[in-house]
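Q: Residue numbers (full-length UniProt numbering): 1 to 817.
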């Protein structure tokens, strides 16, 4: 037969259909009683429709007499089968009434189509008793026999237990509406029309504009609608959003706008504040400002066209004179930042000098840290009641939306675990893979090949826009994936004229992301609030320009705070020069983090430590001698040497095998790469037992007070331990301070560096002798062996459950310090 599928009998008509798509209903069986297998007694038995694969039930006996009949298949070939004949006094197998007129060769439409009237579970086949004129219409005993289940085995099935499971095929239907390209398309969808009306109502509520007659000398800025489908963290539709924006590229500088710069929070600042909040068991809230730019006040006079599709019919030629900023204007972000910042200043906040988007409130009743990224806000503090009061004041001044506990910020999913916060960008990575059409690609274990050599006969890639789009997306993905920083930096150098080989490198990075798409970055509470960094550099690694690559990463305890992979601006004449320039960049980052901590009220127990694996660069940073070979790097020399001389920075040697910044300067082998990425804090996604997001946020709120009570109960024991530890420093955060567990080791500051194996390495903070020579000379074999046995990596993945010391941060009252 040329047709494939199941043969389905429709009892009311006796016709047979062939279909590939069938549903096996095991909860109902039409022929579970022998009495309903008979057709009408008055009619003659007609040829069967089934072939020999239809067998009689096991409880029915065949009669001696048989009859051969002819049946047509789709190939018009004759088949024979034996069917039992019917006798009135014997219970035997029979087929339902099938008329001879239906026994024709089926057409292609009949073979592939389904029946218009499908067989339902409540369909019944009439017995001869029911067809008889004298049959009792009630038929209670008979109905009872029909509906009695024939399954006599002891197995409990879903059909018996009445358990139904949702069919996953129903969820394959696309329920998210497409984003319209024009206003005409949007006006044809009720959901988008409601979204546009909601946007206009918000504009009228804020008194954004007034209609004025058009004048010849006006520079009227055109407008357009932008449509976006907002999704939840699980990928389902949250709401449809329509935004009226001004086409700011038609504005005239100096007339329509002046200042346009608006600061946003830096990623390192977010990680620092989250680390402090985790260590102190503070609640971390997330807020969103509705129509944030509409709250900004304009200093210049700006005119725009009326919204497309919603022109005032009584004044069709009028234009809108703006009183508040509108999305799309060049000065809108700056106007919103000035308005929001001025409001916070009136409430007792002050702006951080090192990061203008960090606002700090420190008073006797508590501390509040506020991070602002355009209209997204992260809020944390020591007093939950004070936080709630401040949120209420914000809601009165601005249209705020309380999103509860931090869970999704700037496209980053934040999962609260028992050991801290797990950050990943799985959804964003999926969108990148979909854009590159690599959802079904094979995985690779490293993002870049070692000792890669581009082909000499390479050709230009015909679509540079796609290349730039993919590389730009990978750059944003480095927010939680430091393991791809070097590879992304490498392909970013070819944005202007990408070639086919460069696209292959981008695809390899995406294939690596596809294999580690659930990996993320973890932040955990810290017992030792110690600031340190690792610095490294290659030498003339770029084959085109022979410039070196700077790589460094900074840590607070075991949390990686910031990382960088960047090509140096000039050519280095030696490895010492390249390493020294990298040390200067890492030192600048450490100083900036120190200033941020001071703005937050945190003062470190000792100077930050910078680790480097080049002894020559370390000697240059320590010795007060200006070498002739370093004249052309005088700026970097004086900056780093000055910080070391003032005691604001200490430098230490670390073996190359334990140099964590090595992952930011070159392509590594799979073993070295996986080892370093683990120690940077990258880990697999933890088992999710959170349930629904809403339930998780509610649980976080309910358990927050319990956490604070537990933390306060530890004050007495921590204070007792503080008396025996020297030196102890309180991180002054208005009544709640972190305990820096620094121990004195023969007059030198020492701290414990924990790695993932639980080993400890004591470090030294003073490294210059009285005669000015560095104490840290090139180690001999014995000292080198001893160093290799004791020095371990200071940055690791977060502590496992058996490291209980890290999970419970020490907290004490300011009055006890």
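Ideal Cβ positions, reconstructed from N, Cα and C, are used throughout, including at glycine.
For residue 400, which three-state DSSP category applies?
A: Residue 400: strand per DSSP, three-state reduction.
Q: Would you please state the rounded distance, in angstroms, between the beta carbons of residue 536 and residue 667? I believe it to be under 8 Å.
A: At roughly 14 Å, the Cβ-Cβ gap does not stay under 8 Å, so residue 536 and residue 667 are not in contact.
Q: I think residue 533 touches residue 554, with their Cβ atoms under 8 Å apart; what is that distance to the nearest whole Å?
A: Yes, residue 533 and residue 554 are in contact; Cβ-Cβ is about 4 Å, under 8 Å.
Q: Using the Cα positions of residue 620 and residue 576, report the straight-line distance between them to the nearest angstrom.
A: Computed Cα separation, rounded: 9 Å.
Q: How would you label residue 116, buried or exposed, when you count the other beta carbons within 10 angstroms and need 16 or more for buried?
A: Bear in mind that the predicted position of residue 116 carries a pLDDT of just 40, short of 50, making it unreliable; the figure below should be weighed with that in mind. Exposed: under 16 other Cβ atoms inside 10 Å.
Q: Is residue 213 near the ligand COA, with its Cβ less than 7 Å from a heavy atom?
A: This structure lacks the ligand COA; in fact it carries no ligand of any kind.
Q: Indicate the three-state DSSP secondary structure (helix, strand or coil) for residue 13 in the structure shown.
A: If DSSP states are grouped into helix, strand and coil, residue 13 belongs with coil.
Q: Report the rounded CA-to-CA distance for residue 259 versus residue 356, giving the unit in angstroms.
A: So the two alpha carbons sit approximately 16 Å from each other.
Q: Count the CB pairs spanning the segment 497-510 and the segment 458-471 that are closer than 8 Å, and state whether there are at least three.
A: Contact between the segment 497-510 and the segment 458-471 is present, because at least three Cβ pairs lie under 8 Å.
Q: Specify the secondary structure class of residue 374 as computed by DSSP and reduced to three states.
A: It is coil, neither helix nor strand.
Q: Could you give the DSSP three-state label for residue 236: helix, strand or coil?
A: Three-state DSSP puts residue 236 in coil, outside helix and strand.
Q: How would you write the range of the beta strand (DSSP E) that residue 514 sits in, first residue to last?
A: No beta strand (DSSP E) contains residue 514, which is instead part of the alpha helix (DSSP H) from 500-515.
Q: Do residue 208 and residue 294 have their C-beta atoms closer together than 8 Å?
A: In contact: residue 208 and residue 294 (Cβ atoms closer than 8 Å).
Q: Identify, in the order they occur along the chain, each residue of the same chain with its Cβ nearer than 7 Å to the Cβ of residue 4, setting aside the five sequence neighbours on each side.
A: Answer for residue 4: 20, listed in chain order.
Q: Which residues in the same chain as residue 636 place their Cβ atom closer than 6 Å to its Cβ, once the five residues preceding and following it in sequence are excluded?
A: Only 581 and 584 meet the Cβ criterion.
Q: Beta-carbon within less than 7 Å of residue 494's beta-carbon, same chain only, minus the 5 sequence neighbours each way: which residues are those?
A: 502, listed in sequence order.
Q: Tell me which residues share the same chain as residue 733 and place their Cβ nearer than 6 Å to its Cβ, disregarding the 5 neighbours each side in the sequence.
A: Caution is warranted here: a pLDDT of 37 is assigned to residue 733, below 50, making its placement in the model unreliable, and the coordinate value is therefore given only provisionally. Cβ neighbours of residue 733 beyond the five flanking positions: 367 and 601.
Q: Rounded to a whole number of angstroms, what is the C-alpha to C-alpha distance between residue 646 and residue 598?
A: Distance between the alpha carbons of residue 646 and residue 598 is about 18 Å.
Q: Taking the straight line between their C-alpha atoms, what separation do you get for residue 361 and residue 176?
A: Rounded to whole angstroms, residue 361 to residue 176 spans 42 Å at the Cα level.
Q: Scan the segment 658-693 and note each continuous alpha helix (DSSP H) run of 4 residues or more that stays entirely inside, going in chain order.
A: List check, alpha helix (DSSP H) in window: 670-679.
Q: For the segment 276-292 against the segment 228-235, are there 3 or more C-beta pairs whose distance is under 8 Å?
A: Touching, no, given that fewer than three Cβ pairs across the two stretches are closer than 8 Å.
Q: Would you grab the beta carbon distance between residue 657 and residue 450 for me? Rounded to a whole angstrom, and I think it's under 8 Å.
A: The Cβ separation is near 17 Å, so there is no contact.
Q: Can you check which of these residues, 615, 272, 405 and 196, is closest to residue 245 by C-alpha distance?
A: Out of 615, 272, 405 and 196, 196 has the C-alpha closest to the C-alpha of residue 245.
Q: What three-state label does DSSP hand residue 828 in the structure shown?
A: Because the chain is modelled from 1 through 817, residue 828 falls outside the range shown and cannot be assessed.
Q: If I'm right that residue 470 touches residue 484 with Cβ under 8 Å, what's the distance once you round it to whole angstroms?
A: Their Cβ separation, rounded to whole angstroms, is 13 Å, which puts residue 470 and residue 484 out of contact at 8 Å.
Q: Rounded to whole angstroms, what is the Cα-Cα separation between residue 641 and residue 579?
A: Cα to Cα, residue 641 sits roughly 14 Å from residue 579.
Q: Quick one: what does DSSP say residue 366 is sitting in, helix, strand or coil?
A: Note: residue 366 maps to strand in three-state DSSP.
Q: Could you check which residue in 513, 468 and 251 has the C-alpha nearest to that of residue 445?
A: Considering only alpha carbons, the answer is 513.
Q: What residue range is occupied by the uninterrupted beta strand (DSSP E) comprising residue 534?
A: Per DSSP, residue 534 belongs to the beta strand (DSSP E) from 531-537.
Q: Give the secondary structure of residue 748 by DSSP, where H, G and I count as helix, E and B as strand, and everything else as coil.
A: Caution applies to residue 748, whose pLDDT of 34 falls short of 50 and renders its modelled position unreliable; the value that the coordinates give is listed next. Here residue 748 sits in strand by DSSP.
Q: Distance, Cα to Cα, residue 818 vs residue 339?
A: Any answer about residue 818 is impossible in this case: the structure gives the chain only from 1 up to 817.
Q: Answer yes or no: do residue 285 and residue 380 have a C-beta to C-beta separation smaller than 8 Å?
A: In this structure, residue 380 lies closer than 8 Å to residue 285 by Cβ.
Q: When the Cα atoms are used, what is the spatial distance from residue 282 to residue 386?
A: Straight-line Cα distance between these residues: approximately 12 Å.
Q: For residue 511, which residues from the same chain have a beta carbon less than 7 Å from its beta carbon, with the 5 sequence-adjacent residues on both sides left out?
A: Result list for residue 511: 438, 441, 442, 443 and 444, in chain order.
Q: I believe residue 371 touches residue 265 by the beta-carbon criterion, under 8 Å. Please report the beta-carbon distance rounded to the nearest angstrom.
A: Contact holds; Cβ gap of about 5 Å.
Q: Per DSSP, what kind of secondary structure is residue 230 in: helix, strand or coil?
A: Correct three-state label for residue 230: strand.
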